[in-house]
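Chemist:
There are 2 protein chains.
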Amino acid sequence: MSSVRSIAKLAGVSITTVSRALNNDPAVNPKTRERVLAIANRSGYVASVGRRVNTNIGFTYTDESTIAHPFDAAVLDGIMRGADEQRYDVLLTNLKRDKRPDESYTQFFLRKGIRGVIVRTMRESRSICEAIADEGFPMIVLSERFASPNVSYIDGDSRADSIRAVEYLIALGHRRIAFGFHSIPDRDHMDRFAAYKEALDKNSIPYDDSLVFRQRYTLAGGATILKMVMSMKSRPTAIFFADPLLAVGAVKQAHALHISIPEDISIIGFDDTDLRFGVHPTLTSVCQDAGGLGFEAAQRLTRMLTNREKEIFQISVPTFFEVHESTGAPPAGLIDATTSEDDGAAQFKAAV
Amino acid sequence: MSSVRSIAKLAGVSITTVSRALNNDPAVNPKTRERVLAIANRSGYVASVGRRVNTNIGFTYTDESTIAHPFDAAVLDGIMRGADEQRYDVLLTNLKRDKRPDESYTQFFLRKGIRGVIVRTMRESRSICEAIADEGFPMIVLSERFASPNVSYIDGDSRADSIRAVEYLIALGHRRIAFGFHSIPDRDHMDRFAAYKEALDKNSIPYDDSLVFRQRYTLAGGATILKMVMSMKSRPTAIFFADPLLAVGAVKQAHALHISIPEDISIIGFDDTDLRFGVHPTLTSVCQDAGGLGFEAAQRLTRMLTNREKEIFQISVPTFFEVHESTGAPPAGLIDATTSEDDGAAQFKAAV
DNA sequence: CTGAAAGCGCTTACAG
DNA sequence: CTGAAAGCGCTTACAG
Numbered sequence: 000m001s002s003v004r005s006i007a008k009l010a011g012v013s014i015t016t017v018s019r020a021l022n023n024d025p026a027v028n029p030k031t032r033e034r035v036l037a038i039a040n041r042s043g044y045v046a047s048v049g050r051r052v053n054t055n056i057g058f059t060y061t062d063e064s065t066i067a068h069p070f071d072a073a074v075l076d077g078i079m080r081g082a083d084e085q086r087y088d089v090l091l092t093n094l095k096r097d098k099r100p101d102e103s104y105t106q107f108f109l110r111k112g113i114r115g116v117i118v119r120t121m122r123e124s125r126s127i128c129e130a131i132a133d134e135g136f137p138m139i140v141l142s143e144r145f146a147s148p149n150v151s152y153i154d155g156d157s158r159a160d161s162i163r164a165v166e167y168l169i170a171l172g173h174r175r176i177a178f179g180f181h182s183i184p185d186r187d188h189m190d191r192f193a194a195y196k197e198a199l200d201k202n203s204i205p206y207d208d209s210l211v212f213r214q215r216y217t218l219a220g221g222a223t224i225l226k227m228v229m230s231m232k233s234r235p236t237a238i239f240f241a242d243p244l245l246a247v248g249a250v251k252q253a254h255a256l257h258i259s260i261p262e263d264i265s266i267i268g269f270d271d272t273d274l275r276f277g278v279h280p281t282l283t284s285v286c287q288d289a290g291g292l293g294f295e296a297a298q299r300l301t302r303m304l305t306n307r308e309k310e311i312f313q314i315s316v317p318t319f320f321e322v323h324e325s326t327g328a329p330p331a332g333l334i335d336a337t338t339s340e341d342d343g344a345a346q347f348k349a350a351v
Numbered sequence: 000m001s002s003v004r005s006i007a008k009l010a011g012v013s014i015t016t017v018s019r020a021l022n023n024d025p026a027v028n029p030k031t032r033e034r035v036l037a038i039a040n041r042s043g044y045v046a047s048v049g050r051r052v053n054t055n056i057g058f059t060y061t062d063e064s065t066i067a068h069p070f071d072a073a074v075l076d077g078i079m080r081g082a083d084e085q086r087y088d089v090l091l092t093n094l095k096r097d098k099r100p101d102e103s104y105t106q107f108f109l110r111k112g113i114r115g116v117i118v119r120t121m122r123e124s125r126s127i128c129e130a131i132a133d134e135g136f137p138m139i140v141l142s143e144r145f146a147s148p149n150v151s152y153i154d155g156d157s158r159a160d161s162i163r164a165v166e167y168l169i170a171l172g173h174r175r176i177a178f179g180f181h182s183i184p185d186r187d188h189m190d191r192f193a194a195y196k197e198a199l200d201k202n203s204i205p206y207d208d209s210l211v212f213r214q215r216y217t218l219a220g221g222a223t224i225l226k227m228v229m230s231m232k233s234r235p236t237a238i239f240f241a242d243p244l245l246a247v248g249a250v251k252q253a254h255a256l257h258i259s260i261p262e263d264i265s266i267i268g269f270d271d272t273d274l275r276f277g278v279h280p281t282l283t284s285v286c287q288d289a290g291g292l293g294f295e296a297a298q299r300l301t302r303m304l305t306n307r308e309k310e311i312f313q314i315s316v317p318t319f320f321e322v323h324e325s326t327g328a329p330p331a332g333l334i335d336a337t338t339s340e341d342d343g344a345a346q347f348k349a350a351v
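Those protein sequences? They're chains A and B, same order as listed. Just so we're aligned, residue 0 is where the first sequence starts under numbering that gives the first Met the number 0, counting upward by one. Just so we're aligned, residue 0 is where the second sequence starts under numbering that gives the first Met the number 0, counting upward by one.
1) Out of B:75, B:269, B:135 and B:323, which one is the CA nearest neighbour of residue 106 of chain B?
2) Using DSSP with H/G/I as helix, E/B as strand and the rest coil, what is residue 134 of chain A?
3) Are the CB atoms of residue 279 of chain B and residue 255 of chain A nearer to each other than 8 angstroms?
4) Return helix, strand or coil for residue 352 of chain A, following the three-state DSSP convention.
5) Listed from N- to C-terminal order along the chain, which residues in the stretch 108–132 of chain A have their beta-carbon within a distance smaller than 7 angstroms of any beta-carbon of chain B?
6) For residue 330 of chain B, which option in B:171, B:206, B:296 and B:216 has the closest C-alpha, if you only look at C-alpha atoms?
7) Near residue 251 of chain A, what residues of its chain come up, given a Cβ to Cβ distance below 8 angstroms and the 5 sequence neighbours on each side ignored?
8) Within its chain, find whatever has a CB closer than 7 angstroms to the CB of residue 197 of chain A; leave out the 5 residues flanking it on each side and keep chain order.
9) Compute the Euclidean distance between the alpha carbons of residue 211 of chain A and residue 58 of chain A, then round it to the nearest angstrom.
10) For residue 213 of chain B, which of helix, strand or coil comes out of DSSP?
11) Helix, strand or coil: which one does DSSP assign to residue 88 of chain A?
12) Starting from residue 174 of chain B, follow its DSSP beta bridges and name the residues at the other end.
13) Do we get a CB-CB distance below 8 angstroms when we pair residue 227 of chain A with the residues of chain B?
14) So, for residue 89 of chain A: in the same chain, excluding its five sequence neighbours on each side, which residues have a beta-carbon less than 8 angstroms away from its beta-carbon?
15) Following the continuous alpha helix (DSSP H) through residue 321 of chain B, name the residue where it begins and the one where it ends.
16) Would you check if the distance between the CB atom of residue 25 of chain B and the CB atom of residue 160 of chain B is smaller than 8 angstroms?
17) Please report how far the alpha carbon of residue 18 of chain A lies from the alpha carbon of residue 84 of chain B, in whole angstroms.
18) When you compare only the Cα positions, how much space is there between residue 69 of chain B and residue 209 of chain A?
19) Can you tell me whether residue 290 of chain B is helix, strand or coil according to DSSP?
20) What does the alpha-carbon distance come out to for the pair residue 167 of chain B and residue 282 of chain A?
21) Roughly how many angstroms lie between the CA atoms of residue 276 of chain B and residue 67 of chain A, to the nearest whole one?
22) Which chain A residues sit within Cβ distance under 7 angstroms of residue 88 of chain B?
23) State the Cα-Cα distance for the pair residue 87 of chain A and residue 96 of chain B, rounded to the nearest angstrom.
24) Alpha carbon to alpha carbon, what distance is there between residue 164 of chain B and residue 259 of chain B?
25) Between which residues of its own chain and residue 158 of chain A is the CB-CB distance below 6 angstroms, once the five residues before and five after are set aside?
26) Could you pull the start and end residues of the beta strand (DSSP E) that residue 206 of chain B belongs to?
27) In chain order, what residues of the same chain have a beta carbon less than 8 angstroms from the beta carbon of residue 149 of chain A, not counting five sequence neighbours either side?
28) Residues of chain B with CB under 7 angstroms from residue 279 of chain A, in chain order?
29) If you drop the 5 nearest sequence neighbours on each side, which residues of the same chain put their C-beta closer than 6 angstroms to that of residue 206 of chain A?
30) Can you check which of these residues, A:307, A:328 and A:12, is closest to residue 176 of chain A by C-alpha distance?
31) By the 10 Å Cβ neighbour count, where 16 or more other Cβ atoms means buried, how is residue 146 of chain B classified, buried or exposed?
32) Please tell me whether residue 271 of chain A has its Cβ less than 8 angstroms away from any Cβ of chain B.
33) Any beta carbon from chain A within less than 8 angstroms of residue 292 of chain B's own beta carbon?
34) Got a sec, what are the start and stop residues for the beta strand (DSSP E) residue 18 of chain B sits in?
35) What's the C-alpha gap between residue 92 of chain A and residue 154 of chain B?
36) Under 8 angstroms, Cβ to Cβ, is there at least one residue of chain A near residue 139 of chain B?
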């Protein structure tokens, strides 16, 4: 391996001069510096000590990385913007892949050159976050919540707006409202499911298990839910989706079946980014600013590192509810579901 | 700052023992190790030398970071998968923000702990890539091409498929084919524009400047192009978009105007990810596997680093052309544009 | 299981 | 503008 010593030998100077050249000491003769740097670069020299700054925060997955998902991409973009102020860089790592069984989390992060970490975790790996917090390593968990007072987190709170969304449908006259979510029982989706039930309850609409649809969070999952809803006897007149892709997939399927939104069915989506604007009609949605979550997490973490303080953050950022064009009054014939048992299925068959 | 010395003092052991504990030497008494690690973690100890591995590649922007764009997000996802095999991590950095004027690119990267770099650049910053290559630092430029034989790059070659796409429209009977692209003169878009012209030329269709539309790469830009096309006298019967968002925006606008695709107008999009599937009808598209580009770049770079070889890669990955539902024969009344001067504008007005 | 001492990589005050 | 020497942070063969 290349070192100051080997470079000094090749350049015919002392290690002192090599060190100075590498650190841009103005005292060094420019020609000497040139020669030294050329040799250093050619031999792949890497300082094993010293000047190398260490201003990385980690964006770390406990399990598989899912960086291509719109939510994660937006979060990461926010993290980069948030880390900018204190001039930190962002290192993407994966605990599952690289942590050695014999090292602590702190050791793992320091080995990677990480001074603080933003963690993205699945439900089953929550204990990892608690362990990192117990070690005292600077950390913020993204998009989860913890009861323990020493685990920092930032998450979006979609509960109030999910209730608002369902009540908006109720105010428009809807009574049979379907709920679509994905089959991974993460906190966000369970929150929204609870909110859906709470909104029904507050408005004395009985909860009906047959109106709840679980699918993989894909366009096909959303399409499936739409088709199932439209083929039901006394079908729902609205669907509230807790997942962006499901909502988009449902809209796409509606077009394919010549079902009009919102004339035939109202749809409310959930959006972490800008997907609601990519379809027609623009989706009335509960919206979460994923980039904002990442920004906030990174800014707080890096400020904490700069100030060398130790703080615990437990922050819930409320979502916001946007009304667009995908919601309206229920179709006249279906307002009272009990008196028009078969209209839904009939209309669906006509559409197909 | 915390060091082996200060920790040794606090723990009441020698620096030797501290070093061993930090490196998980099995010879250390577990209780001693516990005590040392606890102190190390508490005092925020960071090894300034030694064991810290340095297996980072950089994903570096020369200008602004655009990580939230679907193309970049997909690329990064591919990079992470590609870096996995050799167990590299990915550090996101920005040359514009952090490079000191007095340091070489190599020094910048080494200071950041980066052993090789994947560069994303704008047209105006191509010279930076050449400078990095001249220094001999391991690098692959993503999604650009270079004539210089010592600059490594990997890019998607969409030219052949862009010609194929336009010729597919011609084969369906289209003669007036509009071209929509964004206003940033990057290589990709200029390539596709050239291909559009070449396809017309090969088929003896005169190029018409008024059928070429430049807009910002937003949904609104695509919507504008669709509206402009539909309101033209002797309007085009098809549009080929060189940008994903423009195509999606056009489809959305068509729905809003009750214009049917492909019955009223055929649309071919360009897709770096999966956007073509998110709309109805699924867009016939020239497709580029952005994740694959990132994967390939990262895998080759990290393998090169592992093998300590120096290679130059100049790789063009062909795109692929997918026919879906957004293309069909031109509307009967508009097949020969010269005989139906006003049909397009009339139909548009009726739709509005 | 532990430590004193040697030694590597690096930087820097001092001398020229 | 340069180098010999001192010194820091760290690791490790050797001794106990």
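Backbone N, C-alpha and C fix where the C-beta goes; we use that ideal spot for every residue, glycine too. As the structure is a prediction and not an experimental result, all values here were calculated from the model.
Modeler: So, from the listed chains and residues:
1) Along the second sequence, read from residue 1 onward, the residue named residue 106 of chain B stands at position 107. Nearest C-alpha to residue 106 of chain B: B:135.
2) Within the first sequence, the letter at position 135 stands for residue 134 of chain A. Assignment of residue 134 of chain A by DSSP, reduced to helix, strand and coil, places it in the helix class.
3) Against the second sequence, residue 279 of chain B aligns to sequence position 280. Against the first sequence, residue 255 of chain A aligns to sequence position 256. Yes, the Cβ-Cβ distance between residue 279 of chain B and residue 255 of chain A is below 8 angstroms.
4) Since the first residue of chain A shown is 0 and the last is 351, residue 352 of chain A is not available in this structure.
5) If the cut-off is 7 angstroms between Cβ atoms, the stretch 108–132 of chain A has 109, 110, 111 and 112 near chain B.
6) For the purposes of this step, residue 330 of chain B is identified with residue 331 of the second sequence, where counting begins at 1. Taking only the C-alpha atoms, the option nearest residue 330 of chain B is B:171.
7) Within the first sequence, residue 251 of chain A is the residue found at index 252, counting from 1. Hits under 8 angstroms: 218, 221, 222 and 278.
8) Reading the first sequence from its first residue, position 198 is the one you call residue 197 of chain A. So the list reads 162, once near-sequence residues are dropped.
9) Counting from 1 along the first sequence, the entry for residue 211 of chain A is found at position 212. Counting from 1 along the first sequence, the entry for residue 58 of chain A is found at position 59. Distance between the alpha carbons of residue 211 of chain A and residue 58 of chain A is about 34 angstroms.
10) Against the second sequence, residue 213 of chain B aligns to sequence position 214. DSSP places residue 213 of chain B in strand when its eight states are reduced to three.
11) As a first step, residue 88 of chain A must be located in the first sequence, where it is residue number 89. DSSP places residue 88 of chain A in strand when its eight states are reduced to three.
12) To locate residue 174 of chain B, count along the second sequence from 1; it is residue 175. Within the DSSP bridge table, the entry for residue 174 of chain B names no partner.
13) Numbered from its first residue, the first sequence carries residue 227 of chain A at position 228. Not one chain B Cβ lies under 8 angstroms of residue 227 of chain A.
14) As a working mapping, residue 89 of chain A is identified with position 90 in the first sequence. 55, 56, 57, 58, 75, 78, 79, 82 and 297.
15) For this step, residue 321 of chain B is matched to residue 322 along the second sequence. Careful: residue 321 of chain B lies outside any alpha helix (DSSP H), inside the beta strand (DSSP E) at 319–321.
16) Indexing the second sequence from 1 puts residue 25 of chain B at position 26. Indexing the second sequence from 1 puts residue 160 of chain B at position 161. No; because the gap between Cβ atoms is not below 8 angstroms, this pair is not in contact.
17) Taking the first sequence and counting its residues from 1, one reaches residue 18 of chain A at position 19. Taking the second sequence and counting its residues from 1, one reaches residue 84 of chain B at position 85. If you take the alpha carbons of residue 18 of chain A and residue 84 of chain B, they lie about 35 angstroms apart.
18) Position 70 of the second sequence, counted from the first residue, corresponds to residue 69 of chain B. Position 210 of the first sequence, counted from the first residue, corresponds to residue 209 of chain A. Cα to Cα, residue 69 of chain B sits roughly 36 angstroms from residue 209 of chain A.
19) Looking up residue 290 of chain B in the second sequence gives position 291. It is helical.
20) As a first step, residue 167 of chain B must be located in the second sequence, where it is residue number 168. As a first step, residue 282 of chain A must be located in the first sequence, where it is residue number 283. Between the alpha carbons of residue 167 of chain B and residue 282 of chain A lies a gap of roughly 34 angstroms.
21) Along the second sequence, one-based indexing puts residue 276 of chain B at 277. Along the first sequence, one-based indexing puts residue 67 of chain A at 68. C-alpha of residue 276 of chain B to C-alpha of residue 67 of chain A: approximately 16 angstroms in a straight line.
22) For the purposes of this step, residue 88 of chain B is taken as residue 89 along the second sequence, with counting starting at 1. Close to residue 88 of chain B, with beta-carbon spacing below 7 angstroms, are these residues of chain A in chain order: 90, 91, 92 and 111.
23) As a working mapping, residue 87 of chain A is identified with position 88 in the first sequence. As a working mapping, residue 96 of chain B is identified with position 97 in the second sequence. Each residue's Cα considered, the two are about 10 angstroms apart.
24) Here the question's residue 259 of chain B lines up with position 260 in the second sequence. Here the question's residue 164 of chain B lines up with position 165 in the second sequence. Taking the straight line from one Cα to the other gives about 20 angstroms.
25) The sequence position of residue 158 of chain A within the first sequence is 159, counting from 1. Answer for residue 158 of chain A: 190 and 194, listed in chain order.
26) To locate residue 206 of chain B, count along the second sequence from 1; it is residue 207. No beta strand (DSSP E) contains residue 206 of chain B, which DSSP labels as neither H nor E.
27) Taking the first residue of the first sequence as 1, we reach residue 149 of chain A at position 150. Cβ-Cβ distances below 8 angstroms link residue 149 of chain A to 132, 133 and 311 in the same chain, with the five nearest sequence neighbours on each side left out; the list follows chain order.
28) As a first step, residue 279 of chain A is located in the first sequence; it is residue number 280 there, counting from the start. Close to residue 279 of chain A, with beta-carbon spacing below 7 angstroms, are these residues of chain B in chain order: 251, 254 and 255.
29) Along the first sequence, read from residue 1 onward, the residue named residue 206 of chain A stands at position 207. Closer than 6 angstroms at Cβ, skipping near neighbours: 196 and 199.
30) Stepping through the first sequence from its first residue, residue 176 of chain A is reached at position 177. Closest option to residue 176 of chain A, Cα to Cα, is A:328.
31) Here residue 146 of chain B refers to the residue found at position 147 of the second sequence. The Cβ neighbour count for residue 146 of chain B, taken over all protein chains shown within 10 Å, is under 16; the residue is labelled exposed.
32) Residue mapping note: residue 271 of chain A aligns to position 272 of the first sequence, counting from 1. Judged by the 8 angstroms Cβ criterion, residue 271 of chain A is not in contact with chain B.
33) By one-based count along the second sequence, residue 292 of chain B stands at place 293. Output row for residue 292 of chain B: interface = no.
34) As a working note, residue 18 of chain B is residue 19 in the second sequence. Following the DSSP letters along the chain, one finds residue 18 of chain B in no beta strand (DSSP E) but inside the alpha helix (DSSP H) bounded by residues 14–21.
35) The residue you call residue 92 of chain A lines up with position 93 of the first sequence. The residue you call residue 154 of chain B lines up with position 155 of the second sequence. Cα to Cα, the separation comes out at about 26 angstroms.
36) Position 140 of the second sequence, counted from the start, is the residue given in the question as residue 139 of chain B. Between residue 139 of chain B and chain A, the shortest Cβ-Cβ separation is not below 8 angstroms.
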